[in-house]
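A.B. asks:
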Amino acid sequence: MSDLTQKSRPAFFNIFYLALHLGLPGYISFLHRISGTLLFLATVWLLFLLDRSLASPEQFAFVKHYLSLPLVKLPLLVLLWSFLHHFFAGIRFLFIDVHVGVDLPTARKTSVVVLALSLTLTALIGVRLW
Amino acid sequence: MVKRIVVGAHYGLRDWLAQRITAIYMVAYTALFVGILVGGAPLDYASWKALFSGQLMRLLTVLFFLSLMLHAWVGVRDILMDYVKAAGLRLLLEAAVILVLVGNAAWALQILWRL
């Protein structure tokens, strides 16, 4: 049973070293964290927008106008990318959880797909909405 | 580091599972929501309000927001555990995150039930 006891071992979390040496799947994972954090931080703002948009026709019009301001569009675009990246990378992780696409060549390919899908859709939806 | 037997107590399994289940639900809800938006006419206030006023859609949306808060809790907690080494500060941040998430959930319920 002794091999079930956790050994004391050094943990390695130097972000700057990792950033320079990560492979593409590692970047997908790290961007998953960043996008998730951004979405968490933005939840209050997005709830505020939902709240106002459902309050009255005047408030709905205000939200529509508010969302058309350039200073608002920019963070919204960042959040759109955050959502799309988190969405597609998350689906990729769910497949990896059930042992689909775990081998390195496949994991690299799906990483490219996640990056391409989220960036392309961000550009397409961004252009269409604004 | 604490020495302990890591099998038998399901350390973290429940949170791990909750994060996956809520993720799958949110993917399904997102697909539904995007389908409704793309399939429907351009949004005005009346149709936007009607969308969330239906009993089924309201229930699904409440489920989405509760899933979101649970999902975010596991994710943010994992990030705090990895990067915030000082236990006191980490506890403080985790407490703040919990309060924000519970507040968000309550606000989402209020927005939907006011309709």
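Chains S and Y, in that order, give the protein sequences.
Under this note's numbering, the letters of the first sequence match residues 28 to 157, in that order.
Under this note's numbering, the letters of the second sequence match residues 1049 to 1163, in that order.
Virtual Cβ for every residue (Gly too), placed ideally from N, Cα, C.
1) Under 8 Å, with one C-beta from each stretch per pair, do the segment 137-152 of chain S and the segment 97-114 of chain S reach the 3-pair mark?
2) Taking only beta carbons into account, state which residues of the segment 1110-1127 of chain Y come closer than 8 Å to chain S, listed in chain order.
3) Given this structure, state the Cα-to-Cα distance separating THR137 (chain S) from ALA1120 (chain Y), to the nearest angstrom.
4) Using a Cβ cut-off of 8 Å, pull out every chain S residue sitting near TYR1073 (chain Y), in sequence order please.
5) Buried or exposed for TRP1161 (chain Y), please, with buried defined as at least 16 other CB atoms from any protein chain shown within 10 angstroms of its CB.
6) Considering ARG1138 (chain Y), what are the terminal residues of the alpha helix (DSSP H) in which it resides?
7) Helix, strand or coil for ASP78 (chain S) per DSSP?
8) For a test of the three-state rule: what should DSSP assign to VAL1124 (chain Y), helix, strand or coil?
9) If we ignore side chains and look at the alpha-carbon of each, how far apart do ASP1126 (chain Y) and PRO97 (chain S) end up?
10) Quick check on the burial criterion: 16 or more other C-beta atoms within 10 angstroms. Buried or exposed for PRO52 (chain S)?
11) By the criterion of Cβ-Cβ separation under 9 Å, what are the contact partners of PHE1081 (chain Y) in chain S?
12) Between LEU1061 (chain Y) and chain S, is any beta-carbon pair separated by less than 9 Å?
13) Jot down the residue ranges of each uninterrupted alpha helix (DSSP H) in the segment 1050-1108 of chain Y, minimum 4 residues, whole runs only, in chain order.
14) Quick one: using the 10 Å Cβ neighbour count with 16 as the cut-off for buried, is THR1070 (chain Y) buried or exposed?
15) Please determine if the segment 44-59 of chain S and the segment 122-139 of chain S are in contact, where contact requires at least 3 C-beta pairs separated by less than 8 Å.
16) Compute the distance between the beta-carbons of PHE1100 (chain Y) and LEU74 (chain S), then report whether it is under 9 Å.
17) Determine contact between the segment 1060-1074 of chain Y and the segment 1104-1117 of chain Y, defined as no fewer than three beta-carbon pairs at a distance below 8 Å.
18) Got a sec? Which residues, its chain only, sit under 8 Å from LEU106 (chain S) by beta carbon, not counting five neighbours each side?
19) Using the Cα positions of GLY1060 (chain Y) and LEU1128 (chain Y), report the straight-line distance between them to the nearest angstrom.
C.D. replies: With the structure as the only source:
1) yes
2) LEU1116, ALA1120, GLY1123, VAL1124 and ILE1127
3) 24 Å
4) Those within 8 Å of TYR1073 (chain Y) in chain S number zero; the least Cβ separation is about 12 Å.
5) Exposed is the call here.
6) Where ARG1138 (chain Y) is concerned, the enclosing alpha helix (DSSP H) starts and stops at 1135-1161.
7) helix
8) helix
9) 34 Å
10) buried
11) Result: empty, since nearest Cβ-Cβ is about 12 Å, beyond 9 Å.
12) The Cβ of LEU1061 (chain Y) sits no closer than 9 Å to any Cβ of chain S.
13) 1061-1087 and 1093-1101
14) buried
15) yes
16) no
17) yes
18) LEU65, LEU66, ALA69 and LEU73
19) Cα to Cα, the separation comes out at about 15 Å.
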